[in-house]
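Inspection log for the structure reproduced underneath, given as structure tokens.
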Amino acid sequence: MVEVTLWGSLGAAAGGQSKLDIEAKDIRELFRKLSEQYPAFEPLIDRGIAVAIDGTIYRDTWSKELPPGAEIFLLPRLAGG
Amino acid sequence: MAGVAVSTTINGDHVEYLCQPDETLLEVLRDRLGLTGAKEGCGTGDCGACSVIVDDRLVCSCLVLGAEAEGRQIETIEGMAHGDQLHPLQQKFLEHAALQCGICTPGFLIAAKDLLAKNPDPTEEEIRFGLAGNLCRCTGYDKIVRAVQDAANVMKGA
Amino acid sequence: MNFDPRYSGRSFTSVGTRPIRPDGVDKVTGRARYGADFNMAGQLVGRILRSPHAHAIIRKIDTSKAEKLAGVKAVITAKDLPDLTDGDAAMYDILDNSMARTKALYDGHAVAAVAAIDARTARQALKLIEVDYEVLPHVTDVDEAMKHSAPLINDAIFTEGLEEKPVKPSNVTKRTQYGHGDVHQGFGEADFVVERSFKTEQTHQGYIEPHACVASVNPDGTADLWVCTQGHFVYRQHCAQLLGLEASKLRVTSSEIGGGFGGKTHVWAEPVALALSRKAGRPVKLVMTRDEVFRASGPTSATSIDVKIGAKKDGTITAAEATLRYSCGPYAGMWAEIGAMTAFACYKLENVKTVGYEVLVNRPKTAAYRAPSAPMAAFAVESAVDELAKEIGIDPVDFRIKNAAQEGTRASYGPVYGPIGIGPTLEAVKNHPHMKAPLGTNQGRGMACGFWFNFGGQTCTDLNIGMDGSVSLAVGTVDVGGSRASLSLVAAEELGIDYAHVKAIVADTSSLGYNDMTDGSRGTFSSSMATISAARNAIKILRERAAQMWDISVDDVAWEKGHAVAKGEKHGNLGKLSLKEIAAESGKTGGPIAGHSELVADGAGVSFATHICDIEVDPETGSTRVLRYTVVQDAGKAVHPTYVEGQYQGGAAQGIGWALNEEYIYGKDGRLQNPGFLDYRIPVCSDLPMIDTQILEIPNPNHPYGVRGVGETSIVPPLAAIANAVSNAVGVRMSHIPMSPPRILAALEAERERFSR
Amino acid sequence: MRYIRPQSMEDAVGLLAGAAGPAAILAGGSDLLVRMKGGFVEPELIVDIKAIAGLSDITETADGFRIGAAVPCAVLGENAALKKAWPGVVEAAKLIGSKQVQGRCTIVGNLCNASPAADSVPALVAAGAKAVVAGPGGKRTIAVESVPTGPGKTSLAKGEIIEAILLDKRPPHAGDAYQRFIPRTEMDIAVVSAGVNLTVGDNGVVKAARVAVGAAAPTVLLVEEAAQVLIGSKLDEATLERLAKICSGACRPIDDKRGTIEFRRKVAGVLAKRVAAIAYERAGGK
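Protein chains in written order, with my numbering: chain A, -18 to 62; chain B, 619 to 776; chain C, 41 to 797; chain D, 38 to 323.
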């Protein structure tokens, strides 16, 4: 079980919650379960969500493991120059 | 529109071409003669990327008509090195990494060559004002100025 | 893939040296081929007709006269680019932007295009196209566009992110919010509160090379695209989707790129060139004029930002709040959101709240520009931070050091930081001789901090070892500023050979697997990781081949300094085998030796910089001169330090231009007044001093060599550093960027007026 | 479109006078080619005047200097005698565009382009320069300030060409100067500008003065009142302040992408002051 923190505007997709407890071992499973439990997440995941694990931002590595006790923070997937 | 027949000298070689009356020297060099070293950054004389030397005078080739080249001596970036021997400015631009994307580089080299021909020992300020007609968006000019300074030193010693 | 990206402290032989770049000679001799330097047999010239109106319904386009003109081979409108985006909103916007479908949404919006035998004929043909417009009211200012009375740009857009679902459409596409704690309570604890409003005008990346491509579509469904781009794989995806081509049948070759800075990260006119070629049945070359680049490529947002920061007498910030409004052109973006995320990222804050509003305006589609959205937010925040330091009576550097984020700090955008470099850059600035240099009359010194995220992403490289022992490295990230040199150094380092024996090229989309584009400061970070991985894979094969040559077990072969070395006492009599010797035998030991790598380079690590600027202001004219400029930034590990310095200097110069003179100026008619380098004033050589750099190396734990992206952060601090310097020079706080002479003079006059009363 | 390079002024005038469609004179081309590129002009005939004898020369005569219409501005800066006599005119000519543009552009072109912001024109007006006009009806010599009549418009008739600019021989103790305000240090069009030309007596008192302000009205302003303030003075602080005030007051500027009305007004005065001081020093005043 990991605790996932949602960025400000994302909370709306989870019915106004800012933190969720999800049973997931990696990012892929996290996204799958989020989509299952909160269908509003699915289009947002398609548009791009990044996951910060203990401060390091992962945009694409869906196989990245979510270590127990780690701080998991969801962020929008950004554009750069 | 009737074509204008032009006979001129480019990088020491005799060249003849036919161009339209409103065609610029830059268009002639790039599209008719395959000399694509001069670049079009603006087409209005504001960026210097198309710099060439016409009869010892530094100009933007986008502000010269192809027809005007009749009987002139034109120097372009393609003629700057002597065979496999780079011009000291070319060598110093490489050593100082005075280019990032490199699109402005041919224009800068031609302008710097003209500058050093007229002022072999320029101050930093003279270099900066001398090259103010050439825009570079990558380097902040720092390494370009240093490369020109270094090349001037090498050329003085030569 | 069993690649371990973690940092391992090691000493370097090649990395950290400063050799000449592999593409250098081509670039100083004029041989390097950029977007417009390529031609194909039978090629036509493509040109685009653009809307002169900021906002207009396209009632009808009559192309019949143009089609009849001798020499015209194709005329297209939006009908020739049918919507194949299948609900993908972002791609639909890109499609509509490349050719307006029902409405022209800004001055310069493409409405039709022609392909003709030469430029003159094409220009003539454009004049023969008749477009019937119904001109609509327009809005170009970000604050005006937010008003309820503003002309509506897209009546299908309802503001996202509001608590209650809006019933009316709006130019505000999205509200976003970041932060933590309770700012109300935080301000209650403050002894000093500074509250300011700021505006920044729209700027352009100003790359010297206009967008250019040659497109060739064949009747059998195959196609080629030669183009200047920051990401040819991304361009392939876009074009294949918009044209209905199979991605693998569209080969995109990235030319040398004459600057991008974010502006060449998605397609603009390329789908039009392909559609023209498809219709004409011939290759089409399409090169934008400078006027078109300014009017119809992707500048950055114009912004309007309110900032409020409170602190205790001892200099501890108790709360920080910002409202950020960013224009995005006529299509929804996420620019305000990025501004809201980055605004306070440099600081350790208990209570912070940022709100972003993304605002549609009748201006070109906003694109990324080097650390997009961060410079404007930093301008507002760092200006306010200086004001607050002044009110408290504390040195601005010490104030920032006291409140700087550090490992374990919760970032204002959410997560907790790992090891970061803001503190070290501030300490370096505090101790820098620049900070102690004397200043004259009307001169002032300012400093400011900046933050940027940095990206990684999908990356693929091929490393092939020739039979002569030389190495060719094919990468898929476009080289915008010397990365081929850096990646060659990395390959040389890993293989243990000399840099001179490595040649790096940027491969086309048919020669290499997918790569994300060169954006987010990811080029060298990501491709160096993939290069290390590819080299390690090659080394594995080299060891196997050496084992064969020696007829021993591969487990007994190690790789040291470019040589296979037999380990263990029983092999004591075996000499070393060099890479060259192994390569020479490769035909007999199993064929070509190569290493490949396909990976996602994540963990780029965030980046911080602190800049110092000295400026002189002429109080009679408002004219400014930058006297001295210093950049201090963390590079993790500088692979090719000269090119790292180049990134620092280039970003600073762009920031200086933005701060002082660059701006899009729109007339009341909604037309861009200054679409050229004469009146869109990027800095010239005589405007700038030397730009000093100090590279800090705080290793990135998520890269084998500790590398961090370096490309973007350097544009973030200059706006505020210069505003702070102006304030310290002549005592006026400039709240509107650019700080052009008329704005500074007006501020000085207002100040004099205030004092004379 | 035709491109013709006549060998004589008569031929050039004849071509222009006889042109059926729009015709353009090409010397340096730094304005013409930009306008052609932008589609603002589409001449049917381009008459390149650079092959006409004498048009590419600067000659020093008993009366002063004659600067041919095809002399690039860079060449003005290379003429030591001209630079010594008319440093303000030369520095104005050398401010136009970049080194590249100066290698092509001419002061006659700058004058005939009739931009209120033209750099060389306020200096020429302050210098009292004259233009030699050749046309179908013969030659005439006119004051340069009578050439531009408004933005992009001149008093020249069809078939007329300015073949040279005349500058007087300098009396002793004379000096001129020109400055413009631009946001950058180079590569800009003047936001506002000022040129001053002075003659000073042995006692350091200004005997004669001409003051011109550019980019502050539809054409360059010759500010008589400003000249009167300078005459009889030693350019003390109070005189300079009055000069600034008069020049600011004389401006009839517009708001545009390059500057505001207030800015132009204020800075016109500042520049006039600064330029007058330089001209005074060059005249040996101090």
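Note that beta-carbon positions come from the ideal geometry of N, C-alpha and C, so glycine has one too.
Could you tell me the distance, in whole angstroms, from the CA atom of residue i to the CA atom of residue j?
{"i": "Asp66 of chain C", "j": "Pro706 of chain B", "result": "15 Å"}
{"i": "Cys500 of chain C", "j": "Ala190 of chain C", "result": "47 Å"}
{"i": "Arg110 of chain D", "j": "Leu734 of chain B", "result": "According to the sequence as given, residue 110 of chain D is Cys; it is not Arg. Answer to the nearest angstrom: the Cα atoms are 19 Å apart."}
{"i": "Ile315 of chain D", "j": "Thr178 of chain D", "result": "30 Å"}
{"i": "Glu229 of chain C", "j": "Thr650 of chain C", "result": "29 Å"}
{"i": "Thr481 of chain C", "j": "Ala160 of chain D", "result": "31 Å"}
{"i": "Pro715 of chain C", "j": "Gly666 of chain B", "result": "17 Å"}
{"i": "Val347 of chain C", "j": "Lys105 of chain C", "result": "56 Å"}
{"i": "Pro323 of chain C", "j": "Asn79 of chain C", "result": "9 Å"}
{"i": "Glu641 of chain B", "j": "Glu79 of chain D", "result": "13 Å"}
{"i": "Met41 of chain C", "j": "Leu639 of chain C", "result": "Per-residue confidence for Met41 of chain C stands at a pLDDT of 49, beneath the threshold of 50, marking its modelled position as unreliable; the derived number appears in the next sentence. Approximately 8 Å between the Cα atoms of the pair."}
{"i": "Arg403 of chain C", "j": "Thr180 of chain C", "result": "6 Å"}
{"i": "Ile199 of chain D", "j": "Val250 of chain D", "result": "23 Å"}
{"i": "Glu332 of chain C", "j": "Ser294 of chain C", "result": "21 Å"}
{"i": "Thr276 of chain D", "j": "Gly322 of chain D", "result": "14 Å"}
{"i": "Glu278 of chain D", "j": "Lys195 of chain D", "result": "44 Å"}
{"i": "Val307 of chain C", "j": "Ser138 of chain C", "result": "8 Å"}
{"i": "Asn234 of chain D", "j": "Lys244 of chain D", "result": "11 Å"}
{"i": "Phe77 of chain D", "j": "Ile86 of chain D", "result": "22 Å"}
For chain C, find out if any of its Cβ atoms is closer than 9 Å to the Cβ of residue i; answer yes or no.
{"i": "Lys282 of chain D", "result": "no"}
Out of the options, state which residue places its alpha-carbon closest to the alpha-carbon of residue i.
{"i": "Gln709 of chain B", "options": "B:Tyr635, B:Val766 and B:His632", "result": "B:Val766"}
{"i": "Asp100 of chain D", "options": "D:Gly75, D:Lys206, D:Gly55 and D:Ala60", "result": "D:Lys206"}
{"i": "Glu693 of chain B", "options": "B:Glu744, B:Asp640, B:Arg746 and B:Thr627", "result": "B:Thr627"}
{"i": "Pro781 of chain C", "options": "C:Thr664, C:Ala624, C:Ser295 and C:Gly716", "result": "C:Thr664"}
{"i": "Asp692 of chain C", "options": "C:Pro415, C:Asp126 and C:Glu398", "result": "The residue you asked about is not Asp; residue 692 of chain C is Ala in the sequence shown. Of C:Pro415, C:Asp126 and C:Glu398, the residue nearest in Cα terms is C:Pro415."}
{"i": "Ile83 of chain D", "options": "D:Ser157, D:Ala60, D:Ala281 and D:Gly105", "result": "D:Ala60"}
{"i": "Asn494 of chain C", "options": "C:Arg748, C:Thr199, C:Lys113 and C:Val182", "result": "C:Arg748"}
For residue i, would you say it is in contact with chain D, using Cβ-to-Cβ distances shorter than 9 Å as the test?
{"i": "Gly662 of chain C", "result": "yes"}
{"i": "Val677 of chain B", "result": "yes"}
Does any residue of chain A have a CB that is nearer than 9 Å to the CB of residue i?
{"i": "Ile777 of chain C", "result": "no"}
{"i": "Gly303 of chain C", "result": "yes"}
{"i": "Ile197 of chain C", "result": "no"}
I want to check one thing, is the minimum distance from the CB of residue i to the heavy atoms of the ligand NAP below 8 Å?
{"i": "Asn752 of chain B", "result": "With respect to the ligand NAP, the structure offers nothing, as it holds no ligand at all."}
Could you check whether the Cβ of residue i sits closer than 9 Å to any Cβ belonging to chain B?
{"i": "Tyr40 of chain D", "result": "yes"}
{"i": "Glu223 of chain D", "result": "yes"}
{"i": "Asp63 of chain C", "result": "yes"}
{"i": "Gly75 of chain D", "result": "yes"}
Residue i: buried (16+ other C-beta within 10 angstroms of its C-beta) or exposed?
{"i": "Ser44 of chain A", "result": "exposed"}
{"i": "Met73 of chain D", "result": "buried"}
{"i": "Glu361 of chain C", "result": "buried"}
{"i": "Glu296 of chain C", "result": "buried"}
{"i": "Gly396 of chain C", "result": "buried"}
{"i": "Ile357 of chain C", "result": "buried"}
{"i": "Pro738 of chain B", "result": "exposed"}
Segment contact, 8 Å Cβ cut-off, at least three pairs: the stretch 506 to 520 of chain C with the stretch 537 to 547 of chain C | yes
Say whether the stretch 80 to 95 of chain C touches the stretch 163 to 174 of chain C, bearing in mind that this needs 3 or more beta-carbon pairs closer than 8 Å, one atom from each stretch.
-> yes
So, do the stretch 118 to 133 of chain C and the stretch 672 to 686 of chain C have three or more beta carbon pairs nearer to each other than 8 Å?
-> no
Below 8 Å, can you find three or more Cβ-Cβ pairs linking the stretch 710 to 727 of chain B to the stretch 246 to 256 of chain C?
-> yes
Between the stretch 408 to 422 of chain C and the stretch 756 to 766 of chain C, do three or more beta carbon pairs fall short of 8 Å?
-> yes
Can at least three beta-carbon pairs, one atom from the stretch 534 to 543 of chain C and one from the stretch 455 to 471 of chain C, be found at a separation below 8 Å?
-> no
On the three-pair Cβ rule with 8 Å, is the stretch 377 to 396 of chain C touching the stretch 267 to 283 of chain C?
-> no
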